[in-house]
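Student: Structure provided below as structure tokens; questions to follow.
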Amino acid sequence: MHAPTLRRLAAALDPGALLTAQEDVRPYECDALTGHRALPEAVALPASTDQVAALVRTCHADGVPFVARGAGTGLSGGALPVAGGVVISLARMTRVLDVDVINARVVVQPGVANAAVTAAVAEHGLYYAPDPSSQAVCSIGGNVAENSGGAHCLKHGFTVHHVVGAVMVCADGRVARLGGAVWDTPGYDLLGAVVGSEGTLGIVTEVTLRVLRRPQAVRMLLAAFSSIEAAAEAVSAIVAAGVLPAAVEMMDRLTREASEQAVHAGYPDCEALLLVEVDGPTDECLAQLDACRAICVDNGAAEVRVAVDEAERALMWKGRRAAFAAMGRVSPAYYVQDGVVPRTRLPEVLRGIGELAREYGMRVGNVFHAGDGNLHPLVCYDASVAGEAPRALELAGRILDLCIAAGGSITGEHGVGVDKACSMPKMFDGAALTVMDRVRAAFDPNRLCNPGKLLPTPRLCGEVPGFHRVHPLEAAGLAERW
Amino acid sequence: MVITDLGVADVRDAGALDAVAGVMPALVASPGDEAEVAEVLRGAERLGYAVAVRGGGTKLSWGAPPRRCELVLSTARLDALVEHEPGDLVCVAGAGMRLRTLQGMLAAHGQRLALDPPHGVDATIGGIVAANASGPLRTRYGTARDLVLGARFVLADGTVGYSGGKVVKNVAGYDVAKLLIGSLGTLAVLTQVSLRLHPLPACARTVAWQDLAPAQLDAVWRAIEQAPVEPSAAVSLSPGGALLVRIEGTLSGAGAQVESLLAATRDITSLVRALDDAEAAKAWTYAETCVWGGETVDPVAYVAVPRSALAALAERLAPLSRVAVVLPSTGTAEVRLPATTTVEDVLALRAWAARHGGHVTLRRAGAALASVVWPGVADDDAAVELMRSLKRALDPHGTLAPGRHLGGI
Numbered sequence: 001m002h003a004p005t006l007r008r009l010a011a012a013l014d015p016g017a018l019l020t021a022q023e024d025v026r027p028y029e030c031d032a033l034t035g036h037r038a039l040p041e042a043v044a045l046p047a048s049t050d051q052v053a054a055l056v057r058t059c060h061a062d063g064v065p066f067v068a069r070g071a072g073t074g075l076s077g078g079a080l081p082v083a084g085g086v087v088i089s090l091a092r093m094t095r096v097l098d099v100d101v102i103n104a105r106v107v108v109q110p111g112v113a114n115a116a117v118t119a120a121v122a123e124h125g126l127y128y129a130p131d132p133s134s135q136a137v138c139s140i141g142g143n144v145a146e147n148s149g150g151a152h153c154l155k156h157g158f159t160v161h162h163v164v165g166a167v168m169v170c171a172d173g174r175v176a177r178l179g180g181a182v183w184d185t186p187g188y189d190l191l192g193a194v195v196g197s198e199g200t201l202g203i204v205t206e207v208t209l210r211v212l213r214r215p216q217a218v219r220m221l222l223a224a225f226s227s228i229e230a231a232a233e234a235v236s237a238i239v240a241a242g243v244l245p246a247a248v249e250m251m252d253r254l255t256r257e258a259s260e261q262a263v264h265a266g267y268p269d270c271e272a273l274l275l276v277e278v279d280g281p282t283d284e285c286l287a288q289l290d291a292c293r294a295i296c297v298d299n300g301a302a303e304v305r306v307a308v309d310e311a312e313r314a315l316m317w318k319g320r321r322a323a324f325a326a327m328g329r330v331s332p333a334y335y336v337q338d339g340v341v342p343r344t345r346l347p348e349v350l351r352g353i354g355e356l357a358r359e360y361g362m363r364v365g366n367v368f369h370a371g372d373g374n375l376h377p378l379v380c381y382d383a384s385v386a387g388e389a390p391r392a393l394e395l396a397g398r399i400l401d402l403c404i405a406a407g408g409s410i411t412g413e414h415g416v417g418v419d420k421a422c423s424m425p426k427m428f429d430g431a432a433l434t435v436m437d438r439v440r441a442a443f444d445p446n447r448l449c450n451p452g453k454l455l456p457t458p459r460l461c462g463e464v465p466g467f468h469r470v471h472p473l474e475a476a477g478l479a480e481r482w
Numbered sequence: 001m002v003i004t005d006l007g008v009a010d011v012r013d014a015g016a017l018d019a020v021a022g023v024m025p026a027l028v029a030s031p032g033d034e035a036e037v038a039e040v041l042r043g044a045e046r047l048g049y050a051v052a053v054r055g056g057g058t059k060l061s062w063g064a065p066p067r068r069c070e071l072v073l074s075t076a077r078l079d080a081l082v083e084h085e086p087g088d089l090v091c092v093a094g095a096g097m098r099l100r101t102l103q104g105m106l107a108a109h110g111q112r113l114a115l116d117p118p119h120g121v122d123a124t125i126g127g128i129v130a131a132n133a134s135g136p137l138r139t140r141y142g143t144a145r146d147l148v149l150g151a152r153f154v155l156a157d158g159t160v161g162y163s164g165g166k167v168v169k170n171v172a173g174y175d176v177a178k179l180l181i182g183s184l185g186t187l188a189v190l191t192q193v194s195l196r197l198h199p200l201p202a203c204a205r206t207v208a209w210q211d212l213a214p215a216q217l218d219a220v221w222r223a224i225e226q227a228p229v230e231p232s233a234a235v236s237l238s239p240g241g242a243l244l245v246r247i248e249g250t251l252s253g254a255g256a257q258v259e260s261l262l263a264a265t266r267d268i269t270s271l272v273r274a275l276d277d278a279e280a281a282k283a284w285t286y287a288e289t290c291v292w293g294g295e296t297v298d299p300v301a302y303v304a305v306p307r308s309a310l311a312a313l314a315e316r317l318a319p320l321s322r323v324a325v326v327l328p329s330t331g332t333a334e335v336r337l338p339a340t341t342t343v344e345d346v347l348a349l350r351a352w353a354a355r356h357g358g359h360v361t362l363r364r365a366g367a368a369l370a371s372v373v374w375p376g377v378a379d380d381d382a383a384v385e386l387m388r389s390l391k392r393a394l395d396p397h398g399t400l401a402p403g404r405h406l407g408g409i
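Chains as they are written, first to last, in our numbering: chain V, 1 to 482; chain L, 1 to 409.
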């Protein structure tokens with residue numbers, strides 16, 4: 001980068017908000033996909049939309065690639081810097097700008113943590129529905145980029161269903177207002193495409209969110225099954241009965257045992273543990289809970305346990321939420337896969353994963369969002385054993401092949417990023433990828449906005465993908481991956 | 001000659017009923033599959049024809065008159081249910097499939113697409129998505145934006161694209177289908193749509209309030225929002241000040257919610273009661289057909305304001321409209337205006353909505369109001385510039401209904 005460019009970037013910011021020293025930019029070399037690293041030349045810490053726009057105008061004028069970054073909890077390398085480029089961190093833009101209770105809208109800056117949105121409206125009986133597991137730290141800006149989900153998106157939807165407006169700095173530095181607090185803004189639904197675009201179409205600097213009224217009642221049960229197939233059948237039966245649970249989670253023996261060792265949730269000993277949560281008006285909620293309980297029994301559950309109070313419900317969730325971190329107790333390392341299959345194909349795909357695990361002589365833990373078919377197989381390996389890490393990655397790749405063959409997707413919530421850009425051709429043919437590239441070019445003709453992510457490029461796909469390492473946030477207990 | 005150039009057998013001369021927002025095309029082509037759609041579009045581009053897409057023909061009045069339209073591409077033959085896996089609550093429907101046909105096939109499995117736009121009898125899936133049409137069920141289930149999981153489509157140059165898929169949760173690649181929702185056929189021709197389905201409820205109950213003054217409507221709706229209920233559908237009707245709220249769920253759950261509704265609003269008005277099934281069916285049919293039904297060609301406006309402006313909206317619409325259907329949960333309304341409505345009337349309504357942060361578009365304008373279908377756009381509006389850029393990227397020659405969308409796009 002030329003010195004004049006750096007000077008202009010610095011001039012766009014508050015004093016001291018442009019980091020260029022190696023030791024200062026080093027913490028930004030990766031996100032939670034820690035196997036991919038690249039050193040940016042500068043890290044900018046803007047405090048306003050105007051400052052972001054000024055930064056991007058400079059990058060646009062001087063041909064410098066830039067990457068927006070939220071809290072750095074992303075699992076697909078979406079915030080991986082471009083070597084020699086600029087990282088634009090939104091971490092300082094943490095203000096809740098407006099709370100509109102009657103219209104159930106909250107306007108926030110992108111650096112606001114997901115959980116802080118609910119905190120801002122909780123006193124009014126409202127909450128923000130998308131709940132990615134890293135919600136204590138992950139930022140709304142990052143959620144918008146990744147269209148983040150969470151355990152409760154089965155009933156309440158993903159980030160895209162809760163973002164109604166945004167201010168976006170375009171790739172040329174102009175500021176666009178997309179959508180708004182009022183529904184159905186005339187024009188194309190650009191916002192619908194920007195949410196989930198992994199920071200490749202612009203930088204969102206202000207977000208208008210829809211918040212929901214807390215349901216009157218929330219109830220939860222766990223059910224113990226003698227096989228994953230039986231548990232999966234129960235899930236299908238619940239759905240077929242017309243019940244739309246708020247969340248349906250499943251854990252296999254390996255992950256359940258690891259979790260039990262870690263947090264002692266009191267889960268029963270079984271091959272497959274199902275957790276079902278329902279919410280709504282009390283009578284409706286209880287009727288649905290009864291239906292779920294009966295269906296689990298009918299489908300051979302050895303034990304069905306309904307949480308008697310909030311404390312027991314919290315404990316049931318605690319065991320589930322601890323599952324990923326707890327895997328560290330049974331394996332020195334693991335790779336987290338993120339694939340989706342149609343719910344009805346869960347039994348055969350899980351069988352296929354079991355067969356692959358045996359073929360590779362490796363353990364694979366399964367803990368996942370059963371309601372929407374979003375699998376998170378944890379491929380265990382020991383990096384100190386020569387060749388095991390690449391084999392783990394190969395196994396994880398073959399699991400994705402199973403998902404695609406079953407009519408599913410290569411990612412349900414972690415995103416494509418750099419991690420899976422080279423897997424995109426498995427799902428999309430050349431023409432479909434060309435169309436997506438044309439969309440990208442419409443927003444960013446110079447390809448400076450988070451280049452190398454989401455869509456495959458020859459340069460990127462010639463490289464060897466990296467491996468999972470424990471992220472500092474995980475080590476600190478601030479975030480989990482699931 | 002022309003037929004050969006378009007490459008398909010099924011091409012006919014256009015008639016009076018084929019006009020798109022008042023513009024008469026010369027020909028109507030009905031391709032039989034996606035490859036034929038691509039062939040027709042490539043042929044049209046070669047011939048320099050502008051193309052408008054039509055499904056059931058129920059929303060040809062939506063949007064501004066296209067600058068040109070030589071050819072209408074009908075999706076009528078793309079009418080198959082491509083896939084339906086009941087256990088996944090997902091189906092893939094041909095763009096030309098009629099909503100009513102789809103609902104019939106789904107109902108056999110105890111399922112439905114939770115969309116109830118006007119023209120439910122004739123409207124097609126592709127048309128509903130391309131127009132982003134919805135109805136009272138939006139209250140709980142949202143719009144096409146919430147229910148479309150993926151789509152296949154053909155660009156003006158014949159390129160076949162697709163995005164999303166057949167699973168509820170999926171973040172692979174750009175969600176191009178979102179851009180096509182509400183695009184009125186100006187970006188691409190939808191050929192297949194993958195949809196999230198919902199179970200048919202075991203029980204549906206409707207509660208009706210009558211003669212609500214605007215302030216009462218607002219008070220009743222606020223009370224409902226605070227009550228322990230999850231309405232599936234809610235509309236307020238003007239004139240008359242009726243409010244209909246439908247509860248769906250289990251037998252015991254729905255019953256309890258009806259009681260909660262009655263209790264929550266008892267202090268505001270006594271003109272409220274639960275309807276029996278026959279009354280409810282009649283009331284909802286009226287709500288679906290009152291704006292668009294009959295032989296009238298009165299202008300129709302779509303108004304959106306913040307939900308907090310509900311009373312003001314009801315107040316504003318009462319003297320203005322022949323009939324209006326308001327969704328209180330979203331602050332949106334479809335309004336049939338008098339035939340005598342002038343450009344100034346529309347601009348005044350638009351200015352009023354803008355003062356509340358809202359907007360107005362016309363869904364049926366006629367020649368007299370054709371110039372004010374869309375709100376005006378500022379020259380330096382970066383969002384509109386992105387829309388133009390997107391149009392150029394996907395349809396560089398302006399083949400697809402040029403001028404039908406916002407800002408002359």
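Beta carbons: idealized from backbone N, C-alpha and C, even for Gly.
All values derive from a computational prediction rather than experimental measurement.
Please give me, in chain order, every unbroken run of the alpha helix (DSSP H) with length at least 4 that falls completely inside the stretch 201–252 of chain V.
Tutor: Counting only runs of 4 or more, we get 228–240.
Student: Answer with buried or exposed for Glu45(L), where buried requires no fewer than 16 other C-beta atoms within 10 angstroms of its C-beta.
Tutor: buried
Student: For Leu90(V), which three-state DSSP category applies?
Tutor: coil
Student: Using a beta-carbon distance below 8 Å, is Tyr188(V) in contact with chain L?
Tutor: yes
Student: DSSP three-state call for Tyr141(L): helix, strand or coil?
Tutor: helix
Student: Which residues of chain V have a Cβ atom closer than 8 Å to the Cβ of Asp18(L), listed in chain order?
Tutor: Near Asp18(L) there are no residues of chain V at all, since even the closest Cβ is about 26 Å away, more than 8 Å.
Student: Give the DSSP bridge partners of Gly179(V), in chain order.
Tutor: Gly165(V)
Student: What does Ala412(L) reach in chain V if we use C-beta pairs closer than 7 Å?
Tutor: Here chain L covers residues 1 to 409 and nothing more, so residue 412(L) does not appear.
Student: So, does the CB of Met250(V) fall closer than 8 Å to a CB anywhere in chain L?
Tutor: no
Student: Just to confirm, are Pro81(V) and Ala38(V) a CB contact at a threshold of 8 Å?
Tutor: Yes; because the gap between Cβ atoms is below 8 Å, this pair is in contact.
Student: For Ala68(V), which residues of its own chain have a beta-carbon under 6 Å away from its beta-carbon, when the five flanking residues on both sides are left out?
Tutor: Once the five neighbours on either side are set aside, the close Cβ partners of Ala68(V) are Ile88, Gly199 and Ile203.
Student: Which value, in whole angstroms, describes the spacing of the CA atoms of Leu217(L) and Leu310(L)?
Tutor: 8 Å
Student: What are the boundary residues of the beta strand (DSSP E) that Cys422(V) is part of?
Tutor: Per DSSP, Cys422(V) lies in no beta strand (DSSP E) segment and is marked neither H nor E.
Student: Using the Cα positions of Ala14(L) and Gly56(L), report the straight-line distance between them to the nearest angstrom.
Tutor: 15 Å
Student: Can the beta-carbon of Ala318(L) be found less than 8 Å from the beta-carbon of Pro239(L)?
Tutor: yes
Student: Using beta carbons (cut-off 8 Å, strictly below), is Leu394(L) in contact with chain V?
Tutor: yes
Student: Mark Gly16(V) as exposed unless 16 or more other C-beta atoms lie within 10 angstroms of its C-beta, in which case mark it buried.
Tutor: exposed
Student: Report all residues from its chain with a CB closer than 7 Å to the CB of Leu346(V); omit the five preceding and five following residues, and keep chain order.
Tutor: Hits under 7 Å: Ala232, Ala370 and Gly373.
Student: So who's on the other strand from Ala234(L), going by DSSP bridges?
Tutor: Val245(L), per the DSSP bridge assignment.
Student: Could you give the DSSP three-state label for Arg398(V): helix, strand or coil?
Tutor: Note: Arg398(V) maps to helix in three-state DSSP.
Student: Where does Tyr128(V) fall in DSSP's three states?
Tutor: Coil, per DSSP.
Student: Among Ile295(V), Ala441(V), Ala392(V) and Leu273(V), which one has its Cα closest to the Cα of Val243(V)?
Tutor: With distances taken between Cα atoms, Val243(V) lies closest to Ile295(V).
Student: To the nearest angstrom, how far is it from the Cα of Thr75(L) to the Cα of Leu315(V)?
Tutor: 53 Å
Student: If we count the other Cβ atoms within 10 Å of its Cβ and call it buried at 16 or more, is Gly32(L) buried or exposed?
Tutor: Its Cβ having fewer than 16 others within 10 Å, Gly32(L) is exposed.
Student: Is the stretch 393–409 of chain V close to the stretch 162–170 of chain L, with three or more CB pairs under 8 Å?
Tutor: yes
Student: Measuring alpha carbon to alpha carbon, tell me which residue in Thr208(V), Ala21(V), Leu460(V) and Leu191(V) is nearest Leu201(V).
Tutor: Leu191(V)
Student: Identify, in the order they occur along the chain, each residue of the same chain with its Cβ nearer than 8 Å to the Cβ of Lys195(L), setting aside the five sequence neighbours on each side.
Tutor: Per the sequence shown, the amino acid found at residue 195(L) is Leu instead of Lys. Counting only Cβ-Cβ distances below 8 Å, and skipping sequence neighbours, we find Val90, Cys91, Val92, Ala93, Leu113, Ile125, Leu147, Val148 and Leu149.
Student: Could you check which residue in Phe443(V), Pro377(V) and Ala431(V) has the C-alpha nearest to that of Arg392(L)?
Tutor: Phe443(V)
Student: Let me know if Cys203(L) comes out buried or exposed under the rule of 16 or more other beta-carbons within 10 Å of its beta-carbon.
Tutor: exposed
Student: Short of 9 Å Cβ to Cβ, which residues in the stretch 13–31 of chain V face chain L?
Tutor: none
Student: Pick helix, strand or coil for Trp374(L), following the three-state DSSP scheme.
Tutor: coil
Student: Counting C-beta neighbours from all protein chains within 10 Å, is the total for Lys420(V) 16 or more, i.e. buried, or is it exposed?
Tutor: buried
Student: What residue from Leu455(V), Tyr28(V), Pro65(V) and Glu23(V) has the CA that sits closest to Leu6(V)'s CA?
Tutor: The shortest C-alpha separation from Leu6(V) is found at Pro65(V).
Student: For a cutoff of 8 Å on Cβ pairs, would you count His376(V) as touching chain L?
Tutor: no
Student: Taking 8 Å as the CB-CB limit, is Thr159(L) close to chain V?
Tutor: yes
Student: Look at Leu187(L) and Leu41(L) and say whether their C-beta atoms are less than 8 Å apart.
Tutor: no
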